[in-house]
Structure formats: C-alpha cells, structure tokens
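**Q** Have a look at this one.
Chains as they are written, first to last, in my numbering: chain A, 413 to 749; chain B, 413 to 749.
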C-alpha cells in the first residue's frame, strides 16, 4: 500500500487509521498532560473561583490567509471570548470536521499553527475529537474550540454600568481580518501588505485588570458584524447611545483601499484580534497610553463617547455632519471566521 | 417580504437576521441563566474539586432516526463522555454549523430535542455559537457540544488497575444505535422496531459511585468502532487480554437480523447509550443486579473476563471455539455520530 497522504473516511471511523492519525498528529503535538491517555474527557485541576466557558466553530474560507489559518483563528477566537468576559483562558478543546481528501500536509500545518498559538496564549489543548465526512459534505476543514477560563476577580462588567460620558476605545485598526479574508478569497492583489489582525487580546485585558478594573464597564471583541454590530447590541434596550468620531477610528491603509474599491463599510467588518472597551472617561487617556505601549495596543484610539440618545449609534463625519451607524440585515461577508 | 422559513446565509452573518434567530430560537429555549445576556462567554459558579472537560462534534447522517435526532445524540454523547470519565455533567456548550436552506422547522425540532434531553440529563446549555455555510458546504447540520463536569471523588480509573480475573460488563444491547442509523440511511424497513440506544449513562455511573467506586477500574461508552475498538484499546500496551463469551453478549433481535443480512459484525458497531465497565470480579454480580433494576441497565450482562494473554481480545464462539476480535482498518459506517 502506498503512503496515505490525504484524509480518508476511515481516519474518522474509530478503527486503526483513526488511531494512527490521533497518535501521529494529535498526541505528538498535544500529548503532554490530560490528553496523554486519550480519555473520553480530560480531568483538570480545581479552579479557584468562578469559571468562564465559551465555544466557537470556525468555518473560515479560505482556510489559509495572510496572517495565519483556521488554526490560529480557532485559538485566538475562543481565547478572546474568554478574555473579554473577564477570564484568563486556561484550557481548550479541539474538535475537527475534515473533508475526505484533505491533504494531511495541510492538516499538519494547521495543527502546528494551533500548537504555536496555544503556547503563545498559555492555554492547553486538553481534549478533542476528529470527524471525517465525505467529499462535498464540508468545505476542507471546520474546527470547533471551546475553552475554560478562570474568572478574574475585580471586574464588574455589564451594560447596566455604562453611562453618558463614558469613553469607547478600540485597541487597533478595524476590519483588517475581514478584508484579508476577502482578499484571499477573491484573489485581490494587495502586495501582501494587508494582514489579518488575528491575535490574542488577553494581555490587553490583563493590563486593564491590573490597573483599571474598577473603571472598566464593558469589553467585547468585534468579530462577525464588526464594531457596528457590537455597539448597536450594547445600546439596545438602554437609555443611552454612542457617538463615534470618524476621524478617530483607526483603519489600515490597505483595508481602507479595498473597502473603498468594493464599497464596503469597515465598521461592519470583523476583527479577530481587537477589542472594544467602554470605560469611565476619567481613565480613558491613561488606558490609551498604557495600551499604546503594548504591541497589541499600539493602534488604540478613543473612537467615541456614550451620550444620552437612547439606543442610537451615530457617527460624526469628516465634514462635521452626523449619520446613523446601522447593522446590516443581510450577509456581507460569509465565512470570515 | 414573505416569512423566511429556511436558514439564510445572513442568519450567520452577525447582523439583524442572526440576532433574530438567536433570540427566537436559542434564547427562548436556553435563555435562563448565563445565556440570558448573550455574553461571549458564560460565567459559571465555582466548582469544588477537579473538573472534567470533553468535546464532540456530531455529523450523523441522516440527522433524524428512530429514537431521536442529532440533538439528543449531541447531548447524550458529551454527557456520557463526562460520565465515564467519572464526572457529573453540569454545563454544555452548543455550537451549530447549518447549511443554507435548512428548514427552520427542522432546526426547531432539533433544538426542542436538545432542550428536553438536557433537562433530563440535568445539564444546562450555557454558551453557544451559530455558523451558516452555503449550500453544499455541509450536509444539513453539524453540532458540537462541549461539556464541563464535576469529578466524582472516590473513583480511581485507569488501565493500570486492571488485572486478570476482572469482569467485563456491558450495560445493554450492543450496536442498536449504529444499526438504527444504517436502517434510516438505507431505507431498510424493520417495522420501526429497531430504535437507537441513544441515552445518558449518567445514572449508571452514579450508581457505581455510590456502591462500588473502589472496585471500578475502567468505564467507557463504546461509540465509533464499537465494543471491539474499546476493548482493543484497553489491552494495548498491557500484559493482559480479554476473552468474551459470545453467548453472553446482548444484542437486540432487530439489530442482529440487519447485521446478519448485511454481513456486519455488531461488536464493531457504535452504541450511544451503553457503557462498558471493567471491575473486580468480586462485585460483578452485585453490579449486574443493581443495573438490571434500572431502566438504563436492564439488559446488562457480564460479557467476559480479563485474562493473561497480552494485548489480545478474543471471543469464545457458540460452538466452543475461539477467535480474535480485531479492529477494522477501514471505515464500516461513516457518520454514525
């Protein structure tokens, strides 16, 4: 029999080929710790205090893009969901649905990326699952990661704490991830300068916790639907609104030029390594200074303020006018994460 | 606009339609507790002691079958993985990948089933994710559940504790789930008497913990690869083997007749509501009596014993001979869970 270099249905069947795939590709990378004996579930040490639990499935198309692939996206996405919920991510699960015929060399690339980014984020892959479906029953590979974190004491997060005058801060350029995916998908040549922002925001959250926990009111990573969707969700069912200042919103030159060319509003485009923060205005410039000295926050800006206009997100335009920032009904960019 | 009765790409896009789907279908069923405010991650109360963490993606085809659908399968599968790891399941995540065009009425059926079975298993759905992919990029619906459980004190589980003379017990008929899926897929008419065994084994585990924790050495639910795969995994890299007694192994009449017709070995076929147990022989008949008085264990049998033949799983045939119980290399029944 010649060497098998693509995924076969039998790799997911529970027999010898499944076993070989798990041992060669999973245990070789993640086999230290609870995964070692391949139990049905990982036994984890006691966590003192509340837990944070989050899940996301990743179906990004294409599965490789400038700045990474579905692997680091799947680590960062769940790490960030836990982080902005006020937790320190500790453990991840890794469940893959792979299409028959997927090259094993590509699977290795993805798993290497997962290993590297999990190490960087200081989270452990402790349990997993691999399913294989026939050709045409998924598109290359889909990955689910779920994560358990340890809730940080001291944060008191929630829409109810937000009040007019609070500052809205974003940690860096908006929309680079979504635009990088679009560029990869459509084969748009941008001299490779547009890189997905996929990254962990954990250190940004940690820095807030150490210095400004009491003044932080809301954190969220603006993924699907972008900054516009998150801000509209925040103001819904409240007595306040948010006004952005268009000249303050950070965009990369590369994302802007593609967005302009295609008529896309970057406020609706996903980031995968940025966070939105609403905090008491008295500490806003201190937080900005703190973040600007960290690699993950060097592009941070105060992009707007909470006002008294109920449930309304607006933006001051360059010419001094104002317009509403709405959430699109339809689908702008499917499968960006 | 006419009423939307199938899943659209925009249901996964992060905009208004996504929001409506989550509110109408998810929050209406699971909105009590941590999911209520739709945070990125659920904050959960402190768990005293070790945690058990498990994940599985479900890609069963067809997604409906006699005895349930992908919904209760996804609850039971993860509940069982936590249970046989010696944990009490507490919290589940629910991540769905849905194909564009999937009927919303079918989604409701699945979510109702998830709600019912989660309630029955006393686990809470606390966090989730919904992705939509275009037609032909998945097959109807795939579901991932990950779960957190509370490790029971008192169990000491592991292959290293198994020794010759120990009993091997199964909690009920083998292979009903896999055969029910096959029947549904191939349109085999079996008068609807063959029902998937999908169910929780949590109460079986709990009963062992209360009475026999010290004597329990290994627990596993025989899903993909069936009983044969689990037993071969147990004996691998050990100095012992297992001999089964073919007349003791419980099969349903319906599964047997389909298996015979198609030439399938039921020892290789998945269950989704059974457990395999290896325990000290001194308590084997007591456990059998205990289980036989529980609805989930009424079909339980002692199907074999651990012996001194290293890494070998064998079976005593009806005629008194012996043969090897091997694990198939290839894929018998793709997408049975």
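The beta-carbon is built from N, C-alpha and C at its ideal position, and this holds for glycine as well.
Given a limit of 8 Å on CB to CB distance, which residues of the region 544-570 of chain B reach chain A?
**A** Those would be 544, 545, 546, 548, 549, 550, 551, 554, 556, 558, 559, 560, 561, 563 and 570, in chain order.
**Q** With residue 489 of chain B and residue 563 of chain B assumed to form a contact (beta carbons below 8 Å), what rounded beta-carbon distance in angstroms separates them?
**A** The residue labelled residue 489 of chain B in the question sits at position 77 within the second chain. The residue labelled residue 563 of chain B in the question sits at position 151 within the second chain. So it is not a contact: roughly 19 Å between Cβ atoms.
**Q** To the nearest angstrom, report how far apart residue 645 of chain A and residue 538 of chain B are at their CA atoms.
**A** To locate residue 645 of chain A, count along the first chain from 1; it is residue 233. To locate residue 538 of chain B, count along the second chain from 1; it is residue 126. In a straight line, the C-alpha of residue 645 of chain A is about 19 Å away from that of residue 538 of chain B.
**Q** Take the Cβ of residue 697 of chain B as the centre, count every other Cβ of all protein chains shown within 10 Å, and call the residue buried at 16 or more, exposed below.
**A** To locate residue 697 of chain B, count along the second chain from 1; it is residue 285. Burial call: exposed.
**Q** Assuming contact is defined by CB atoms lying nearer than 8 Å, are residue 553 of chain B and residue 482 of chain B in contact in what I supplied?
**A** Position 141 of the second chain, counted from the first residue, corresponds to residue 553 of chain B. Position 70 of the second chain, counted from the first residue, corresponds to residue 482 of chain B. Going by C-beta atoms, residue 553 of chain B is nearer than 8 Å to residue 482 of chain B.
**Q** So, for residue 418 of chain A: in the same chain, excluding its five sequence neighbours on each side, which residues have a beta-carbon less than 6 Å away from its beta-carbon?
**A** What you label residue 418 of chain A is simply residue 6 of the first chain in a count that begins at 1. Around residue 418 of chain A: 513 and 515.
**Q** Beta-carbon within less than 8 Å of residue 427 of chain A's beta-carbon, same chain only, minus the 5 sequence neighbours each way: which residues are those?
**A** Counting from 1 along the first chain, the entry for residue 427 of chain A is found at position 15. Closer than 8 Å at the Cβ level, and outside the excluded window around residue 427 of chain A, lies no residue.
**Q** Helix or strand or just coil, what does DSSP make of residue 629 of chain A?
**A** Taking the first chain and counting its residues from 1, the one referred to as residue 629 of chain A is at position 217. Strand at residue 629 of chain A.
**Q** With residue 688 of chain A and residue 582 of chain A assumed to form a contact (beta carbons below 8 Å), what rounded beta-carbon distance in angstroms separates them?
**A** Here the question's residue 688 of chain A lines up with position 276 in the first chain. Here the question's residue 582 of chain A lines up with position 170 in the first chain. So it is a contact: roughly 6 Å between Cβ atoms.
**Q** So, are the CB atoms of residue 494 of chain A and residue 453 of chain B less than 8 Å apart?
**A** One-based indexing of the first chain puts residue 494 of chain A at position 82. One-based indexing of the second chain puts residue 453 of chain B at position 41. Yes.
**Q** In chain A, which residues lie with their C-beta within 9 Å of the C-beta of residue 499 of chain B?
**A** The residue you call residue 499 of chain B lines up with position 87 of the second chain. Simply 453 and 455.
**Q** Going by beta carbon distance, what residues of the same chain come within less than 8 Å of residue 734 of chain A, once the five residues before and after it are set aside?
**A** For the purposes of this step, residue 734 of chain A is identified with residue 322 of the first chain, where counting begins at 1. The residues are 655, 726, 727 and 728.
**Q** Using the Cα positions of residue 596 of chain B and residue 550 of chain B, report the straight-line distance between them to the nearest angstrom.
**A** Stepping through the second chain from its first residue, residue 596 of chain B is reached at position 184. Stepping through the second chain from its first residue, residue 550 of chain B is reached at position 138. About 19 Å.
**Q** Along the beta strand (DSSP E) that carries residue 508 of chain B, what are the first and last residues, could you check?
**A** One-based indexing of the second chain puts residue 508 of chain B at position 96. Run containing residue 508 of chain B: 499-511, per the beta strand (DSSP E) assignment.
**Q** Residue 557 of chain A bridges to which residues according to DSSP?
**A** To locate residue 557 of chain A, count along the first chain from 1; it is residue 145. A:468 and A:506, per the DSSP bridge assignment.
**Q** Between the region 433-447 of chain B and the region 467-479 of chain A, can you find at least three pairs of beta-carbon atoms closer than 8 Å?
**A** no
**Q** Quick check: the Cα distance between residue 629 of chain A and residue 740 of chain A, rounded to an integer number of angstroms?
**A** By 1-based counting over the first chain, the position of residue 629 of chain A is 217. By 1-based counting over the first chain, the position of residue 740 of chain A is 328. Going by C-alpha positions, residue 629 of chain A is about 26 Å away from residue 740 of chain A.
**Q** Residue 465 of chain A versus chain B: which residues are under 7 Å apart at the beta carbon?
**A** Against the first chain, residue 465 of chain A aligns to sequence position 53. Result: 453, 454, 456, 503, 505, 538, 539 and 560.
**Q** Check the Cβ of residue 462 of chain A against every Cβ in chain B and list those closer than 8 Å, keeping chain order.
**A** Position 50 of the first chain, counted from the start, is the residue given in the question as residue 462 of chain A. Those within 8 Å of residue 462 of chain A in chain B are 455, 456, 457 and 458.
**Q** Relative to the alpha-carbon of residue 466 of chain A, which residue among A:559, A:610, A:685 and A:441 has its alpha-carbon at the smallest distance?
**A** Counted from its first residue, the first chain places residue 466 of chain A at position 54. Of the candidates A:559, A:610, A:685 and A:441, the one whose C-alpha sits nearest the C-alpha of residue 466 of chain A is A:559.
**Q** Can you name the start and end residues of the alpha helix (DSSP H) that residue 749 of chain B belongs to?
**A** Position 337 of the second chain, counting from 1, holds the residue named residue 749 of chain B. From DSSP, residue 749 of chain B is part of no alpha helix (DSSP H); its letter is neither H nor E.
**Q** Strictly under 8 Å for the Cβ-Cβ distance: is residue 513 of chain A near chain B by that measure?
**A** Residue mapping note: residue 513 of chain A aligns to position 101 of the first chain, counting from 1. So no, residue 513 of chain A is outside the interface.
**Q** State the CB to CB distance for the pair residue 706 of chain B and residue 619 of chain B, rounded to an integer number of angstroms; the pair is presumed to be in contact (CB under 8 Å).
**A** The residue labelled residue 706 of chain B in the question sits at position 294 within the second chain. The residue labelled residue 619 of chain B in the question sits at position 207 within the second chain. The pair is a contact, with the Cβ atoms about 7 Å apart (cut-off 8 Å).
**Q** Looking at the structure shown, is residue 533 of chain B part of a helix, part of a strand, or coil, going by DSSP?
**A** On the second chain, position 121 is the one that residue 533 of chain B refers to. If DSSP states are grouped into helix, strand and coil, residue 533 of chain B belongs with the helices.
**Q** Is the beta carbon of residue 636 of chain A sitting closer than 8 Å to the one on residue 682 of chain A?
**A** To locate residue 636 of chain A, count along the first chain from 1; it is residue 224. To locate residue 682 of chain A, count along the first chain from 1; it is residue 270. In this structure, residue 682 of chain A lies closer than 8 Å to residue 636 of chain A by Cβ.
**Q** Please give the ranges of any alpha helix (DSSP H) in the region 417-504 of chain A, keeping only runs that are unbroken, at least 4 residues long and fully inside the region.
**A** 428-433 and 482-496
**Q** Taking the alpha helix (DSSP H) that residue 646 of chain A belongs to, which residues open and close that run?
**A** By one-based count along the first chain, residue 646 of chain A stands at place 234. Here the alpha helix (DSSP H) through residue 646 of chain A covers 638-647.
**Q** Mind pulling the chain A residues with CB within less than 9 Å of residue 637 of chain B?
**A** Walking along the second chain from the start, residue 637 of chain B turns up at place 225. Per Cβ cutoff of 9 Å: 425, 426, 427, 430 and 431.
**Q** State the DSSP-derived secondary structure class of residue 524 of chain B, mapped to helix, strand or coil.
**A** Counting from 1 along the second chain, the entry for residue 524 of chain B is found at position 112. Correct three-state label for residue 524 of chain B: helix.
**Q** Buried or exposed for residue 731 of chain A, please, with buried defined as at least 16 other CB atoms from any protein chain shown within 10 angstroms of its CB.
**A** As a working note, residue 731 of chain A is residue 319 in the first chain. Counting Cβ neighbours within 10 Å, residue 731 of chain A comes out exposed, since fewer than 16 surround it.
**Q** Using 8 Å as the limit for Cβ to Cβ distance, is residue 494 of chain A near chain B?
**A** Numbered from 1 along the first chain, position 82 holds the residue referred to as residue 494 of chain A. Yes, residue 494 of chain A lies at the interface with chain B (some Cβ there is under 8 Å from its Cβ).
**Q** Helix, strand or coil for residue 569 of chain B, going by three-state DSSP, please let me know.
**A** Stepping through the second chain from its first residue, residue 569 of chain B is reached at position 157. Looking at residue 569 of chain B - three-state DSSP - the assignment turns out to be coil, as it is neither helix nor strand.
**Q** Closest Cβ-Cβ distance between residue 469 of chain B and chain A: below 8 Å?
**A** Locating residue 469 of chain B in the second chain gives position 57, counting from the first residue. Chain A, which has a Cβ nearer than 8 Å to the Cβ of residue 469 of chain B, makes this yes.
**Q** Among the residues of its own chain, which have a CB less than 8 Å from the CB of residue 700 of chain B, if the five just before and after it don't count?
**A** By 1-based counting over the second chain, the position of residue 700 of chain B is 288. Cβ neighbours of residue 700 of chain B beyond the five flanking positions: 581, 712, 713 and 714.
**Q** Alpha carbons only, please: which of B:614, B:505 and B:543 is nearest the one belonging to residue 526 of chain B?
**A** Looking up residue 526 of chain B in the second chain gives position 114. Nearest to residue 526 of chain B by alpha-carbon distance, out of B:614, B:505 and B:543, is B:505.
**Q** Can you grab the Cα-Cα spacing for the pair residue 430 of chain B / residue 747 of chain A, in whole Å?
**A** On the second chain, residue 430 of chain B is found 18 positions in, with the first residue counted as 1. On the first chain, residue 747 of chain A is found 335 positions in, with the first residue counted as 1. Cα to Cα, residue 430 of chain B sits roughly 14 Å from residue 747 of chain A.
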